[in-house]
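Everything below concerns the one structure shown next.
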Amino acid sequence: MTMNKILIMCLLAFGSSQINTAQSKEDLEKIKTLKVAYFTEHLALSPEEAEKFWPIYNQHETVQIEMYSYMRKNMNHRILKAGELNESEAGDKLSEYLSKKSSEEASLQKMFQALKGVLPAKKALALVHVEEGFRRHLMSLYRKNRNEQRQKKEEEMPKL
Numbered sequence: 004m005t006m007n008k009i010l011i012m013c014l015l016a017f018g019s020s021q022i023n024t025a026q027s028k029e030d031l032e033k034i035k036t037l038k039v040a041y042f043t044e045h046l047a048l049s050p051e052e053a054e055k056f057w058p059i060y061n062q063h064e065t066v067q068i069e070m071y072s073y074m075r076k077n078m079n080h081r082i083l084k085a086g087e088l089n090e091s092e093a094g095d096k097l098s099e100y101l102s103k104k105s106s107e108e109a110s111l112q113k114m115f116q117a118l119k120g121v122l123p124a125k126k127a128l129a130l131v132h133v134e135e136g137f138r139r140h141l142m143s144l145y146r147k148n149r150n151e152q153r154q155k156k157e158e159e160m161p162k163l
């Protein structure tokens, strides 16, 4: 249960702009540790497979993180409001977006090509479902912790 609470706190840290950099890095490391354990278990990676898998996966994940950061910085709704961009600027933003998406897709293809030589095809294909399962697992832990915190607050409130 303690690990679940730690995980939930890590997730909350992602959305909070008040978290300092050191704490945020610590939280990211905790989530990364949970991810390694989840993927290793659900893909049934042998130590040899894991040793070869993680550098390939981490390289692709770096591209995904860069894309997410780019989207948050450059493609948020405030920037893209109809009245704030002229047609030329909108065209430039669209070209940037398509270029980033192409890079992300190329990274995905590169990762799966590299994984063909490291993992059996069934495990490589299962990665798609394991990634989604991990996201659902994190959200489930987050919701569970949030509900527990709400109940705790309700119990602590004086009854009228």
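Each residue of the sequence shown is one higher than the one before, starting from 4 at the first, in this note's numbering. Think of the CB as a built atom: it goes at the ideal place given N, C-alpha and C, for glycine as much as any other residue.
Is it true that the segment 61 to 77 meets the segment 102 to 115, where meeting means three or more beta-carbon pairs spaced less than 8 angstroms apart?
yes
Is the separation between the beta-carbon of N79 and that of K96 shorter than 9 angstroms?
no
Kindly indicate which three-state DSSP category S49 falls into: helix, strand or coil?
coil
From this set, Y73, L122, I34, V133, which residue's C-alpha is nearest E54's C-alpha?
L122
Nearest to L101 by CA position, among M74, S49, P50, K28, is which residue?
M74
Given S186 as reference, the closest of V39, L37, Q67, P50 once Cα atoms are compared:
Here the chain has residues from 4 to 163 only, and residue 186 is not among them.
So, helix, strand or coil for N148, using DSSP?
helix
If you count every other CB in all the chains shown that lies within 10 Å of the CB of L128, and 16 or more means buried, which is it?
exposed
CA-CA distance, A93 and E87?
9 angstroms
Do you know how far the Cα of P50 is from the Cα of S98?
42 angstroms
L122, DSSP secondary structure in three states
coil
Can you tell me which of the three DSSP states P58 falls into?
helix
For M160, which three-state DSSP category applies?
coil
Of the choices E32, N150, K33, V39, whose alpha-carbon is the least far from that of E134?
V39
In terms of alpha-carbon separation, which member of A109, S27, T43, S72 lies closest to L130?
T43
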